[in-house]
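The listed protein sequences derive, respectively, from chains A and B.
Those letters in the first sequence? Residues -12 to 104, by the working numbering.
Those letters in the second sequence? Residues 993 to 1104, by the working numbering.
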Amino acid sequence: GAVVSQHPSWVICKSGTSVKIECRSLDFQATTMFWYRQFPKQSLMLMATSNEGSKATYEQGVEKDKFLINHASLTLSTLTVTSAHPEDSSFYICSAELQGGKGGGYTFGSGTRLTVV
Amino acid sequence: GENVEQHPSTLSVQEGDSAVIKCTYSDSASNYFPWYKQELGKRPQLIIDIRSNVGEKKDQRIAVTLNKTAKHFSLHITETQPEDSAVYFCAARDQGAQKLVFGQGTRLTINP
């Protein structure tokens, strides 16, 4: 089946540094990738929608200058958390819709556990 | 945009009994409603889904019903087993933005 590979699976960084998370679609092309954040015991909250070759669409309340999204190719989307702070510690997960929205459902990356110390 | 409400937030049932989780959505244009099971620290795993042109779907012990008029859908798990213990999320596809909007989640505990 369609797979999205997400790396790293976990990362610990110092406060003030930046962290990049990558999501690659391995056997399909993803023109759109969705980035979610999940705090402990909470739901998946959509942060932004990344679109290949154009600017990402951010959800209300998400700082676009802090969470940089790049979708430079049909198989790679990246999320960079800039100037990370402890409150950014969370589980970040990407997702892509299959078959261009024509009934294929969604596939998810394995997630990245970010801990900012 | 779409908004999904999920209840209950926690559910405890005896092994062998049935469990029901309910969700409501706000956008009548939404057309795809998946249910996910999530283990701690893992990606959501699709367990069943339903599209807006269908009222009910069943897969062994799991079933989903959809009431488009009332804009609600439900997950039914019969003959529950300890391995069914997990967090379950419903979701609805916002047809306009093509994004998946999740409910708040239900922590299901199956008591032996």
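Idealized CB from N, CA, C, for every residue including glycine.
In three-state DSSP terms, what is residue i?
{"i": "PRO1026 of chain B", "result": "strand"}
{"i": "GLU39 of chain A", "result": "coil"}
{"i": "GLU1075 of chain B", "result": "helix"}
{"i": "GLU997 of chain B", "result": "strand"}
{"i": "LEU1067 of chain B", "result": "strand"}
{"i": "GLU46 of chain A", "result": "coil"}
{"i": "GLU74 of chain A", "result": "helix"}
{"i": "LEU13 of chain A", "result": "coil"}
{"i": "LEU85 of chain A", "result": "helix"}
{"i": "LYS1091 of chain B", "result": "strand"}
{"i": "LEU1032 of chain B", "result": "coil"}
{"i": "VAL104 of chain A", "result": "coil"}
{"i": "GLY1062 of chain B", "result": "At residue 1062 of chain B the sequence reads Ala, which differs from the Gly that was named. Here ALA1062 of chain B sits in coil by DSSP."}
{"i": "LEU31 of chain A", "result": "coil"}
{"i": "PHE26 of chain A", "result": "coil"}
{"i": "ALA1055 of chain B", "result": "strand"}
{"i": "ASN1190 of chain B", "result": "Outside the displayed span of chain B (993 to 1104) sits residue 1190 of chain B, for which this structure offers no information."}
{"i": "LYS7 of chain A", "result": "strand"}
Of all the options the options, which has the alpha carbon lying nearest to the alpha carbon of residue i?
{"i": "ILE80 of chain A", "options": "A:THR94, A:PRO73, A:THR44 and A:GLN86", "result": "A:THR94"}
{"i": "ARG1043 of chain B", "options": "B:GLU997, B:THR1101, B:SER1020 and B:ARG1035", "result": "B:SER1020"}
{"i": "GLY3 of chain A", "options": "A:GLU74, A:PHE78 and A:GLU84", "result": "A:GLU74"}
{"i": "SER41 of chain A", "options": "A:THR19, A:GLN29, A:ILE8 and A:ARG100", "result": "A:THR19"}
{"i": "TRP(-3) of chain A", "options": "A:VAL(-10), A:LYS7, A:GLN16 and A:VAL(-9)", "result": "A:LYS7"}
{"i": "PRO1104 of chain B", "options": "B:THR1057, B:VAL1012, B:LYS1014 and B:GLU1071", "result": "B:GLU1071"}
{"i": "SER106 of chain A", "options": "A:ARG11, A:SER70 and A:CYS0", "result": "The structure shown has nothing for residue 106 of chain A, since chain A only spans -12 to 104."}
{"i": "THR1057 of chain B", "options": "B:VAL996, B:LYS1014, B:VAL1093 and B:GLY993", "result": "B:LYS1014"}
{"i": "LEU61 of chain A", "options": "A:TYR45, A:ASP14, A:GLY(-12) and A:LYS1", "result": "A:ASP14"}
{"i": "SER1018 of chain B", "options": "B:GLY993, B:PRO1000, B:ALA1089 and B:LYS1091", "result": "B:GLY993"}
{"i": "SER37 of chain A", "options": "A:ALA(-11), A:SER5 and A:TYR23", "result": "A:TYR23"}
Return the chain-ordered list of same chain residues with a C-beta closer than 7 Å to the C-beta of residue i, the five sequence neighbours on each side being excluded.
{"i": "PHE54 of chain A", "result": "MET34, ALA35, LEU66 and VAL68"}
{"i": "LYS945 of chain B", "result": "What the structure shows of chain B is the stretch from 993 to 1104, and residue 945 of chain B is not part of that stretch, so it cannot be assessed."}
{"i": "GLU1007 of chain B", "result": "THR1072, GLN1073, PRO1074, ILE1102, ASN1103 and PRO1104"}
{"i": "PRO1026 of chain B", "result": "LEU1038, ASP1041 and ALA1083"}
Using the rule of at least 16 other Cβ atoms within 10 Å of the residue's Cβ for burial, across every protein chain shown, is residue i buried or exposed?
{"i": "VAL103 of chain A", "result": "buried"}
{"i": "GLU1075 of chain B", "result": "exposed"}
{"i": "GLN1073 of chain B", "result": "exposed"}
{"i": "ILE(-1) of chain A", "result": "exposed"}
{"i": "ALA1062 of chain B", "result": "exposed"}
{"i": "SER1022 of chain B", "result": "buried"}
{"i": "ARG1053 of chain B", "result": "exposed"}
{"i": "ASP1009 of chain B", "result": "exposed"}
{"i": "LYS28 of chain A", "result": "exposed"}
{"i": "ASP52 of chain A", "result": "exposed"}
{"i": "LYS1050 of chain B", "result": "exposed"}
8 Å is my cut-off, CB to CB: does residue i come that close to chain C?
{"i": "THR19 of chain A", "result": "The chain labelled as chain C is not found among the protein chains of the depicted structure, namely A and B."}
Which residues in the same chain have their Cβ closer than 6 Å to the Cβ of residue i, if we skip the five residues on either side of it in sequence?
{"i": "LYS1029 of chain B", "result": "GLN1037, ILE1039, ALA1078 and TYR1080"}
{"i": "ASN57 of chain A", "result": "THR65"}
{"i": "GLY92 of chain A", "result": "LEU85"}
{"i": "THR1002 of chain B", "result": "ARG1099"}
{"i": "SER82 of chain A", "result": "PHE21, TYR93 and PHE95"}
By Cβ distance, which residues of its chain are closer than 8 Å to residue i, with the 5 residues on each side in sequence left out?
{"i": "THR99 of chain A", "result": "GLN(-7), HIS(-6), PRO(-5), SER(-4), TRP(-3), VAL(-2), ILE8, PHE78, TYR79 and ILE80"}
{"i": "VAL1046 of chain B", "result": "LEU1058"}
Handout entry: Under 9 Å (Cβ pairs) to chain A, residues found in the stretch 1089 to 1100 of chain B
Key = The residues in question are ALA1089, GLN1090, LYS1091, LEU1092, VAL1093, PHE1094, GLY1095, GLN1096, GLY1097 and ARG1099.
Problem - Where the stretch 69 to 94 of chain A meets chain B: residues whose CB sits under 8 Å from a CB there - result: Within the stretch 69 to 94 of chain A, PHE78, ILE80, SER82, GLU84, GLY88, GLY90, GLY92 and TYR93 place their CB atoms closer than 8 Å to a CB of chain B, listed in sequence order.
Practice task
Please name the residues in the stretch 1012 to 1041 of chain B whose beta-carbon is closer than 8 Å to at least one beta-carbon of chain A, in chain order.
Solution key: Within the stretch 1012 to 1041 of chain B, the residues whose Cβ lies closer than 8 Å to some Cβ of chain A are TYR1024, PRO1026, GLY1033, LYS1034, ARG1035, PRO1036, LEU1038 and ASP1041, listed in chain order.
Problem - Within 7 Å of chain B by C-beta, residues of the stretch 21 to 42 of chain A in sequence order - result: For the stretch 21 to 42 of chain A, which is checked against every Cβ of chain B, the residues closer than 7 Å are PHE21, SER30, LEU31, LEU33 and THR36.
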